[in-house]
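Trainee:
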Amino acid sequence: MAAAPLGQLPGAWRMMAAQRSMLELGALHYAYPLRGARRAVLRGVGLRIERGELLALIGANGSGKTTLLRLMAGTLRPDAGDVWLEGRSLAAWDRRGIARRIAVLPQAVDLPSGFRVAEVVEMGRAPHARRLFGSTAQDVAAVHAALRDADALELAERGVDELSGGERQRVLVAMALAQEPALLLLDEPTLHLDLAHQVSLFRTIGRLRRQRSLTVVAVLHDLQLASALFPRVAVLDEGRIVADGAPEQVLGPEMVRRTFGVAMEEATGIDGRRHLVLSGH
Numbered sequence: 138m139a140a141a142p143l144g145q146l147p148g149a150w151r152m153m154a155a156q157r158s159m160l161e162l163g164a165l166h167y168a169y170p171l172r173g174a175r176r177a178v179l180r181g182v183g184l185r186i187e188r189g190e191l192l193a194l195i196g197a198n199g200s201g202k203t204t205l206l207r208l209m210a211g212t213l214r215p216d217a218g219d220v221w222l223e224g225r226s227l228a229a230w231d232r233r234g235i236a237r238r239i240a241v242l243p244q245a246v247d248l249p250s251g252f253r254v255a256e257v258v259e260m261g262r263a264p265h266a267r268r269l270f271g272s273t274a275q276d277v278a279a280v281h282a283a284l285r286d287a288d289a290l291e292l293a294e295r296g297v298d299e300l301s302g303g304e305r306q307r308v309l310v311a312m313a314l315a316q317e318p319a320l321l322l323l324d325e326p327t328l329h330l331d332l333a334h335q336v337s338l339f340r341t342i343g344r345l346r347r348q349r350s351l352t353v354v355a356v357l358h359d360l361q362l363a364s365a366l367f368p369r370v371a372v373l374d375e376g377r378i379v380a381d382g383a384p385e386q387v388l389g390p391e392m393v394r395r396t397f398g399v400a401m402e403e404a405t406g407i408d409g410r411r412h413l414v415l416s417g418h
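If you're matching positions, the sequence shown starts at 138 in our numbering and goes up one per residue.
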């Protein structure tokens, strides 16, 4: 039986549920203005994300994935419904409080030109800043730990303009880690990476989840990557969550056909695991 949304629970029960849940989405609706009207993008989305979970959010282009991620991050406010972070409505948090708990890697971001990597990563400390100028010992330690954990320590003194695509992505991860968040939101983090760097990135994120007790939500377009590396997958279709669970339960040929319009079939690989392949191949 599905658990009741936090918003429907009495106060004491809500606090107990919050001890387990990192983020709760309660019947979210959102529409963008379009030619004097509003175009519905999300229609009653509900989702509970537990502490320490690794969740892939997938769906066709235009299904509302990025909009949903922005609602999770608090950069958009829902037209109806609510988002609870650790049992407390996001509307009750200030921006600095949210930034101390949630870090976001957006789909496209330009690193500031002319800076060293260590300086860029230190910008992730902004939510913790106690004074206008200068770094504290805590800032220095957090930046070092972020670079180390993102496998970017050797890049610290490099200029950001010298970095490859894979190196830039590691620096962005380090910048997010410098915030010391509890929740990491990733929007198509592998978009401009080759396959080797894609796998490396998510192995790093999986390791960080264990080391730092992070909760991770990633918007993805690659079904194979989601199936191979994520223990939980939620499928968004036309603004609604249409499936949510383990990838072997969710990503069947019929679901893929309905959601993505692609005919696929199941095959067993040499690793003994089930894989989706294009029909006729």
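We treat Cβ as the ideally placed atom computed from N, Cα and C, and that holds for glycine.
1) Going by other Cβ atoms of all chains shown within 10 Å of its Cβ, with 16 needed for buried, is T273 buried or exposed?
2) Tell me where the beta strand (DSSP E) around R161 begins and ends.
3) Can you check whether the CB of T352 is closer than 7 Å to the CB of G224?
4) Among A365, L338 and L165, which has the Cα closest to the Cα of M209?
5) Under 8 Å: do the stretch 368-388 and the stretch 177-191 share three or more Cβ pairs, one atom per stretch?
6) Let's test the definition: count the other Cβ atoms within 10 Å of the Cβ of E259 and tell me whether it reaches 16, buried, or not, exposed.
7) Assign G251 to buried or exposed, taking buried as 16 or more other Cβ atoms, counted over all protein chains shown, within 10 Å of its Cβ.
8) Could you tell me the alpha carbon to alpha carbon distance between R347 and A174, rounded to whole angstroms?
9) Counting pairs of Cβ atoms below 8 Å between the stretch 202-218 and the stretch 226-239, do you hit three or more?
10) Under 8 Å: do the stretch 190-197 and the stretch 352-370 share three or more Cβ pairs, one atom per stretch?
11) Could you tell me how far apart the beta carbons of A287 and R307 are, in whole angstroms, since I believe they sit closer than 8 Å?
12) Do you know whose CA, among A283, P243 and W230, lies nearest V254's CA?
13) Given Q335, which residues of its chain have a CB within under 8 Å of its CB, disregarding the five upstream and five downstream residues?
14) Could you pull the DSSP bridge partners for R344 from this structure?
15) Which first and last residues belong to the alpha helix (DSSP H) in which E304 is found?
16) Which residue or residues does DSSP assign as beta-bridge partners of I186?
Mentor: Inspection of the coordinates gives the following:
1) Translated into the one-based positions of the sequence shown, residue 273 becomes position 136. Counting Cβ neighbours within 10 Å, T273 comes out exposed, since fewer than 16 surround it.
2) Numbered from its first residue, the sequence shown carries residue 161 at position 24. Inspection of the sequence shows that residue 161 is occupied by Glu rather than by Arg. S158 to L171 is the extent of the beta strand (DSSP E) around E161.
3) Counted from its first residue, the sequence shown places residue 224 at position 87. Counted from its first residue, the sequence shown places residue 352 at position 215. In this structure, T352 does not lie closer than 7 Å to G224 by Cβ.
4) By one-based count along the sequence shown, residue 209 stands at place 72. Checking every option, the nearest Cα to that of M209 belongs to L165.
5) yes
6) Stepping through the sequence shown from its first residue, residue 259 is reached at position 122. E259 should be labelled buried.
7) Residue mapping note: residue 251 aligns to position 114 of the sequence shown, counting from 1. Residue environment for G251: exposed (fewer than 16 other C-beta atoms within 10 angstroms of its C-beta).
8) Stepping through the sequence shown from its first residue, residue 347 is reached at position 210. Stepping through the sequence shown from its first residue, residue 174 is reached at position 37. Their Cα atoms are separated by approximately 45 Å.
9) With a cut-off of 8 Å, the stretch 226-239 and the stretch 202-218 count as touching, because enough Cβ pairs lie within range.
10) Under the 8 Å Cβ criterion, the stretch 190-197 counts as touching the stretch 352-370, having at least three qualifying pairs.
11) Here residue 287 is taken as the residue at index 150 of the sequence shown, counted from 1. Here residue 307 is taken as the residue at index 170 of the sequence shown, counted from 1. Between R307 and A287 the Cβ distance is about 5 Å, and since that is below 8 Å, they are a contact.
12) Counting from one through the sequence shown, the residue named residue 254 turns up at place 117. Nearest option by C-alpha distance: A283.
13) Stepping through the sequence shown from its first residue, residue 335 is reached at position 198. The answer, listed in chain order, is T327, D359 and L362.
14) On the sequence shown, residue 344 is found 207 positions in, with the first residue counted as 1. Answer is none; R344 lacks a bridge partner.
15) One-based indexing of the sequence shown puts residue 304 at position 167. Element bounds for E304: G302 to A315.
16) Locating residue 186 in the sequence shown gives position 49, counting from the first residue. According to DSSP, I186 bridges with L160.
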